[in-house]
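Comments concern the structure below.
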Amino acid sequence: MEQRTIKKSIELSGVGLHTGVAVNLKFKPAPANIGVNFIRVDIKDSPMIKADIT
1 MEQRTIKKSI ELSGVGLHTG VAVNLKFKPA PANIGVNFIR VDIKDSPMIK
51 ADIT
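For the sequence shown, my numbering gives the first residue as 1, with consecutive numbering after it.
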């Protein structure tokens, strides 16, 4: 399967869709074979959540 990543980091700010609370997002390039992951920095231990469409 062909892989792609973004060229450089970007940051976005806005309002959460369901909460109405201010949110900040950072998108960062990743090494090969990492996949798409979300890291929750707003809660203890900052768990990584792997994106899975299955």
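C-beta atoms are modelled at their ideal positions from N, C-alpha and C, and glycine is treated no differently.
Helix, strand or coil at residue i [DSSP, three-state]
i	result
residue 48	strand
residue 37	strand
residue 7	coil
residue 22	strand
residue 12	strand
Pick from the options that is closest to residue i, judged by C-alpha positions
i	options	result
residue 51	35, 41, 42, 43	35
residue 6	27, 40, 47	27
residue 57	37, 2, 21	It is not possible to answer for residue 57, since the shown part of the chain is limited to 1 through 54.
residue 55	39, 40, 33	The chain is shown from 1 up to 54; residue 55 falls before or after that span and cannot be answered.
residue 9	39, 30, 45	30
Residue i to residue j span [Cα, whole Å]
i	j	result
residue 16	residue 42	13 Å
residue 3	residue 21	33 Å
Other residues of its chain near residue i: CB distance less than 6 Å, five sequence neighbours each side excluded
i	result
residue 12	25
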